[in-house]
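J.: Taken in sequence, the protein lines are chains A and B.
Going by the working numbering, the first sequence runs without a break in its numbering and finishes at 305.
Going by the working numbering, the second sequence runs without a break in its numbering and finishes at 1497.
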Amino acid sequence: MNYLTQQLVNGLTLGSVYALIALGYTLIYGVLQLLNFAHGDVYMVGSFAGYFTMIGLGGPQNPMVPIWVMILLMFLAGMVVSGGLGVMIEKFAYRPLRSSPRITSLISALGVSLFLESAVLLLFGPKIRNYDTTDYIPIGTGIHIGGVTIEPMRILLIVISAVLMVVLILVVNKTRLGRGMRAVAYDSDAAVMMGVDVNRVIMLTFLIASALAGAAGVMVGLVYFTINNYMGFLAGLKAFAAAVVGGIGSIPGAVLGGLLIGFLESLAAGYLSPNFANVITFAALIAVMLVKPRGLLGRSAIVKV
Amino acid sequence: MTNKPDDSAPQGEAPAKPAASDSLHIGTDEWVAQHTDRQEARRGAVAMLAVVRNRLPAPVLWGVPLILLLLFPMMANGYLLRVGVNLGLFLMLSLGLNVVVGYAGLLDLGYVAFYGFGAYSYALLSSNQFGVHLPTWIAVPLVVIASAVLGLLVSLPSRRLLGDYLAIVTLFFGEVFLEFLSAGDTISVPWAKEPVNVTGGANGIVSVDGWSLFGFEFKTNTPYFYLLVVTCFALTFGLYRISRSRVGRAWRAVGDDALAAEAMAIPVKRLKLLAFVVGAVIAGLTGTIFAGVQLGVYPTSFDMPLLILLYAAVILGGSGSLAGAILGGAVMSLLPEVLRQPEIGEALFFVVLVIGVFKVMGAKRGAIMAAATFVVGLVINAILALSKVPHLATDDWAQSTVGHVIGPWLFVPADRMLWGNIGFVVLIVAIATINRIPRRVRALFIPLLLWLAIFVWMVRLSPEASLTRQMVIGGVLIVFMIARPQGIFGKQRVDIV
Chain A
1 MNYLTQQLVN GLTLGSVYAL IALGYTLIYG VLQLLNFAHG DVYMVGSFAG YFTMIGLGGP
61 QNPMVPIWVM ILLMFLAGMV VSGGLGVMIE KFAYRPLRSS PRITSLISAL GVSLFLESAV
121 LLLFGPKIRN YDTTDYIPIG TGIHIGGVTI EPMRILLIVI SAVLMVVLIL VVNKTRLGRG
181 MRAVAYDSDA AVMMGVDVNR VIMLTFLIAS ALAGAAGVMV GLVYFTINNY MGFLAGLKAF
241 AAAVVGGIGS IPGAVLGGLL IGFLESLAAG YLSPNFANVI TFAALIAVML VKPRGLLGRS
301 AIVKV
Chain B
1001 MTNKPDDSAP QGEAPAKPAA SDSLHIGTDE WVAQHTDRQE ARRGAVAMLA VVRNRLPAPV
1061 LWGVPLILLL LFPMMANGYL LRVGVNLGLF LMLSLGLNVV VGYAGLLDLG YVAFYGFGAY
1121 SYALLSSNQF GVHLPTWIAV PLVVIASAVL GLLVSLPSRR LLGDYLAIVT LFFGEVFLEF
1181 LSAGDTISVP WAKEPVNVTG GANGIVSVDG WSLFGFEFKT NTPYFYLLVV TCFALTFGLY
1241 RISRSRVGRA WRAVGDDALA AEAMAIPVKR LKLLAFVVGA VIAGLTGTIF AGVQLGVYPT
1301 SFDMPLLILL YAAVILGGSG SLAGAILGGA VMSLLPEVLR QPEIGEALFF VVLVIGVFKV
1361 MGAKRGAIMA AATFVVGLVI NAILALSKVP HLATDDWAQS TVGHVIGPWL FVPADRMLWG
1421 NIGFVVLIVA IATINRIPRR VRALFIPLLL WLAIFVWMVR LSPEASLTRQ MVIGGVLIVF
1481 MIARPQGIFG KQRVDIV
């Protein structure tokens, strides 16, 4: 029972991270129908930004500011850097290709991903960075559930991602920008005719999506400690899988998919085989895709000719 | 009654019409028919390539490269031969991917897995892993058949998946395969007590048998090179014939618009499966050769960067064009090799820079910019020399002729890593923001930017060849997609609404 609880908590933590990245995928796919393969690397850059903010503030051992402020600043730095990076990527790599065949922006996205991974490696070297926050960030004692102690950092992570998701859903459903996003997603040509500034909407979508990825990057550092320049690929792939399984373009779907993958992965690692956790996860996803090709919460698209 | 005069009038004039416009024929699409002329009427290097390709008689176009290639092993050293073998493997892969992506328009992101499947199956059938040593002429056909079956199995359930969803499922398939390779050294099977080592995990399978055909053992790279020349030519010829055949035309119809093709009674699903299987077979066959060349297989040979390079090759060359797949494959296979050597890489950098400046700015302004950059370099040199930042003498850092030539002009600080990194970040920011600077003032910043680019390349990027080539390839992909989305030999799609 304890073991199961532990695995479920692991799954929830992992799932929240995947869900945050998946939201970015889904938002971008929603407005542009673009598989943004660079999204995982944006998340990686966010993680590095958080790390260097922490180091810049004196590191976890002897911080120059109160620990809460430091964590806040780390999130802020990760989100700002990632958000800015996302906007730049959109402007230079995707916007010129908007009227080209779809596959060209896919290739461009792969190019961005390759560029970011090697640029980070060039700047910061192959050393694996460690957030190393276990012993030094004392934020409460954690909660005991069924004999299992949940680390405070995990609770913080789950709470923050829940808050970010709620904010995102409010933005998409209640604000003018959100209405613009939904309009562009539904039919960007018609949206232009209705006076929606499509460029601005797409830019802000990238900003939001990338900022979420940046937050996820900082979270991963805080909970799982080690970060490196290749961490973006697999995490991005899984988050992408989450977005797809949930029904790409659907926001609740991305959250659902993220959590599903988190649970799948931690349960597969805990009960079946740690080595084959990824294999099992992806195989399960393929199965879901074949049964429900549009994802769990996706709408089926009817093409009129 | 009233219609009659109207009907008769055109009939009366009808004989005159065809004479007036001789070239118009019913049943031919003029836009398509004029494609070659249009291509040749354009200017620039690409059009010249197209003219060469269109005008040369077939025996010359095929024969001359063949003869040159057959002579190649006699002139090349071991390294060049190995590069040639890699090029051959890469060309086969890009030709195969061109069938799937270029002809049939299927986004297969698990393509590399078939390559890996071919290599690993061959390795399992002829190595000490399970003590099986099948002769090559049995192992290779077996692997090819197995690849076809696997291709069918992967594509069969995906046939109801459209566009992106096919890409997603194949991407997952590729990832599952890769994970399976690296975790496959401890597979628990019900009938064995110990976990079975199937794929050798991260260490891969070593001591794979080389090829041997008709009693001839492939011991060096030379026979493999000849083998690859033969297979590449056979493949190119075969694909050329296929692309002109009924199936090839149908593939292109499916790739252009599957819905319209289906309306024309083309069996879309069967054709998609066929394209997928053909791709898988070519990749699997290439895998067997690869395993033979390497005498071992490792999971890292089949990961994402290879897939990116292959896609880049096919798209760069022009999706759906055979010549494009070959040219793109050659560029993408040789570019990393070229960039590995500072001697060529640095020269290439300056050539591209100069051509870029003159192409974008025109001859006159380009020359002014080049001169200004030269002056900027001297000024910066003087300022930094005064600032007492420790720096290196030319002989201490220059790796190539280019380095020695510009050595006195370029200021190279002793802490190359720090200054190079700063320069790199500033350069990226500068490129990103240069459009924000008002047009009139912008010209003043361009020499600075050029100097910074040269500085960063010589100080930081050129010594880190392996990273730089990744970055360059990434950058080339982005820039190329923006500049020429249809690829070198691709046909720009004309949408008639």
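Ideal Cβ placement from N, Cα and C applies to all residues, glycine included.
Is there a Cβ from chain B that is less than 9 Å from the Cβ of A/P152?
T.: Locating residue 152 of chain A in the first sequence gives position 152, counting from the first residue. Output row for A/P152: interface = no.
J.: Taking the CB atoms as reference points, tell me whether B/P1463 and B/R1416 lie closer together than 9 Å.
T.: Residue mapping note: residue 1463 of chain B aligns to position 463 of the second sequence, counting from 1. Residue mapping note: residue 1416 of chain B aligns to position 416 of the second sequence, counting from 1. For B/P1463 and B/R1416, yes; Cβs fall inside 9 Å.
J.: Please say whether A/V42 and A/G306 have beta carbons closer to each other than 9 Å?
T.: Given that chain A is displayed from residue 1 to residue 305, the structure contains no residue 306 of chain A and the question cannot be resolved.
J.: Please check if any C-beta of chain B sits within less than 9 Å of the C-beta of A/G24.
T.: Within the first sequence, residue 24 of chain A is the residue found at index 24, counting from 1. Output row for A/G24: interface = no.
J.: Applying the criterion that 16 or more other CB atoms from any shown protein chain within 10 Å of the CB defines a buried residue, is B/W1251 buried or exposed?
T.: Along the second sequence, read from residue 1 onward, the residue named residue 1251 of chain B stands at position 251. So B/W1251 counts as buried.
J.: Could you list the residues in the region 1348-1377 of chain B with a C-beta less than 8 Å from some C-beta on chain A, going in chain order?
T.: Flagged: no residues at all.
J.: Please report whether the beta-carbon of B/Q1399 lies at a distance below 9 Å from any beta-carbon of chain A.
T.: In the second sequence, the residue the question calls residue 1399 of chain B occupies position 399. So, not an interface residue.
J.: Answer with buried or exposed for B/L1070, where buried requires no fewer than 16 other C-beta atoms within 10 angstroms of its C-beta.
T.: If you number the second sequence from 1, residue 1070 of chain B lands on position 70. When all chains shown are included, B/L1070 counts as exposed.
J.: Can you tell which of A/S16, A/G217, A/L27 has its C-alpha closest to the C-alpha of A/I248?
T.: The sequence position of residue 248 of chain A within the first sequence is 248, counting from 1. Ranking the options by Cα distance to A/I248, first place goes to A/L27.
J.: Return helix, strand or coil for B/N1435, following the three-state DSSP convention.
T.: By 1-based counting over the second sequence, the position of residue 1435 of chain B is 435. Residue state, collapsed to three classes: helix.
J.: What are the boundary residues of the alpha helix (DSSP H) that B/H1133 is part of?
T.: Along the second sequence, one-based indexing puts residue 1133 of chain B at 133. No alpha helix (DSSP H) contains B/H1133, which DSSP labels as neither H nor E.
J.: Identify whether B/P1073 lies in helix, strand or coil by the three-state DSSP scheme.
T.: Locating residue 1073 of chain B in the second sequence gives position 73, counting from the first residue. Helix at B/P1073.
J.: Comparing the C-beta of B/V1254 with each C-beta of chain A, is any distance below 9 Å?
T.: Reading the second sequence from its first residue, position 254 is the one you call residue 1254 of chain B. Not closer than 9 Å to any Cβ of chain A, the Cβ of B/V1254 fails to qualify, so no.
J.: Mind checking whether A/L35 and A/A109 have CB atoms under 9 Å apart?
T.: Along the first sequence, one-based indexing puts residue 35 of chain A at 35. Along the first sequence, one-based indexing puts residue 109 of chain A at 109. Yes, the pair counts as a contact, with Cβ atoms nearer than the cut-off.
J.: To the nearest angstrom, how far is it from the Cα of A/S210 to the Cα of A/V167?
T.: On the first sequence, residue 210 of chain A is found 210 positions in, with the first residue counted as 1. On the first sequence, residue 167 of chain A is found 167 positions in, with the first residue counted as 1. Between A/S210 and A/V167, the C-alpha separation is close to 15 Å.
J.: Select from the region 268-293 of chain A all residues with a C-beta closer than 8 Å to any C-beta belonging to chain B, and list them in chain order.
T.: Hits within the stretch, in order: S273, N275, F276, N278, V279, F282, A283, L285, I286, M289, L290, P293.
J.: Spatial neighbours of A/F233 within its chain, please: CB distance less than 6 Å, with the 5 preceding and 5 following residues excluded, ordered by chain position.
T.: The sequence position of residue 233 of chain A within the first sequence is 233, counting from 1. G40, listed in sequence order.
J.: Can you give me the start and stop residues for the alpha helix (DSSP H) that A/P126 sits inside?
T.: Counting from one through the first sequence, the residue named residue 126 of chain A turns up at place 126. No alpha helix (DSSP H) holds A/P126; DSSP gives it neither H nor E.
J.: Does any C-beta atom of chain A lie closer than 9 Å to the C-beta of B/G1475?
T.: The sequence position of residue 1475 of chain B within the second sequence is 475, counting from 1. It does; some Cβ of chain A falls within 9 Å.
J.: For the 8 Å Cβ check, are there 3 or more pairs between the region 95-104 of chain A and the region 1477-1490 of chain B?
T.: In short, these stretches touch, since the Cβ pair count reaches three.
J.: I need the boundaries of the alpha helix (DSSP H) containing B/H1404, first residue and last residue.
T.: Locating residue 1404 of chain B in the second sequence gives position 404, where the first residue counts as 1. B/H1404 -> alpha helix (DSSP H) spans 1401-1406.
J.: Give me whichever residues DSSP pairs with B/V1206 in a beta bridge.
T.: Here residue 1206 of chain B is taken as the residue at index 206 of the second sequence, counted from 1. In DSSP, B/V1206 forms a bridge with B/G1296.
J.: Report yes or no: do the region 1124-1136 of chain B and the region 1312-1327 of chain B share at least 3 C-beta pairs separated by less than 8 Å?
T.: No, because fewer than three Cβ pairs between the region 1124-1136 of chain B and the region 1312-1327 of chain B fall closer than 8 Å, the two stretches do not touch.
J.: A/P293 to B/L1259, Cα distance in whole Å?
T.: For the purposes of this step, residue 293 of chain A is identified with residue 293 of the first sequence, where counting begins at 1. For the purposes of this step, residue 1259 of chain B is identified with residue 259 of the second sequence, where counting begins at 1. Each residue's Cα considered, the two are about 18 Å apart.
J.: Which one or two residues does DSSP pair with B/P1413 in a beta bridge?
T.: Position 413 of the second sequence, counting from 1, holds the residue named residue 1413 of chain B. DSSP output for B/P1413 lists B/H1391 as bridge partner(s).
J.: Determine whether the Cβ of B/Y1165 lies closer than 9 Å to any Cβ atom of chain A.
T.: Mapped onto the second sequence, residue 1165 of chain B falls at position 165. Yes, contact with chain A.
J.: Excluding five sequence neighbours on each side, which residues of the same chain lie with their C-beta closer than 8 Å to the C-beta of B/A1398?
T.: Here residue 1398 of chain B refers to the residue found at position 398 when the second sequence is read from its first residue. Excluding positions up to five away in sequence, the list reads H1404, G1407.
J.: What are the residues of the region 97-113 of chain A that lie near chain B, defined by any Cβ-Cβ distance shorter than 7 Å?
T.: Residues passing the 7 Å Cβ filter: L97, S100, P101, I103, T104, I107, S108, L110, G111, V112.
J.: Taking Cβ positions only, does B/S1245 come closer than 9 Å to chain A?
T.: Here residue 1245 of chain B is taken as the residue at index 245 of the second sequence, counted from 1. No, its Cβ sits nowhere closer than 9 Å to a Cβ of chain A.
J.: What residue range does the alpha helix (DSSP H) around B/E1262 cover?
T.: What you label residue 1262 of chain B is simply residue 262 of the second sequence in a count that begins at 1. Its alpha helix (DSSP H) spans residues 1258-1263.
J.: Tell me which same chain residues have a C-beta within less than 7 Å of the C-beta of A/K127, skipping the five on either side of it?
T.: Here residue 127 of chain A refers to the residue found at position 127 of the first sequence. Taken in chain order, the list of residues that qualify is empty.
J.: Counting only the same chain and skipping the five closest in sequence on each side, list residues whose C-beta sits under 6 Å from that of A/A185.
T.: In the first sequence, the residue the question calls residue 185 of chain A occupies position 185. Excluding positions up to five away in sequence, the list reads G30, V31.
J.: Taking only runs that begin and end inside the region 1211-1283 of chain B, name each unbroken alpha helix (DSSP H) of 4 or more residues, in chain order.
T.: Qualifying alpha helix (DSSP H) stretches, in chain order: 1221-1244, 1246-1256, 1258-1263.
J.: Check whether the Cβ of A/A239 lies closer than 9 Å to any Cβ atom in chain B.
T.: Taking the first residue of the first sequence as 1, we reach residue 239 of chain A at position 239. Not one chain B Cβ lies under 9 Å of A/A239.
J.: Do B/W1457 and B/G1377 count as a contact pair if the criterion is CB distance below 9 Å?
T.: Numbered from its first residue, the second sequence carries residue 1377 of chain B at position 377. Numbered from its first residue, the second sequence carries residue 1457 of chain B at position 457. No, the Cβ-Cβ distance between B/G1377 and B/W1457 is not below 9 Å.
J.: Please classify A/Q61 as buried or exposed, where buried requires at least 16 neighbouring CB atoms within 10 angstroms.
T.: For the purposes of this step, residue 61 of chain A is identified with residue 61 of the first sequence, where counting begins at 1. Exposed is the call here.
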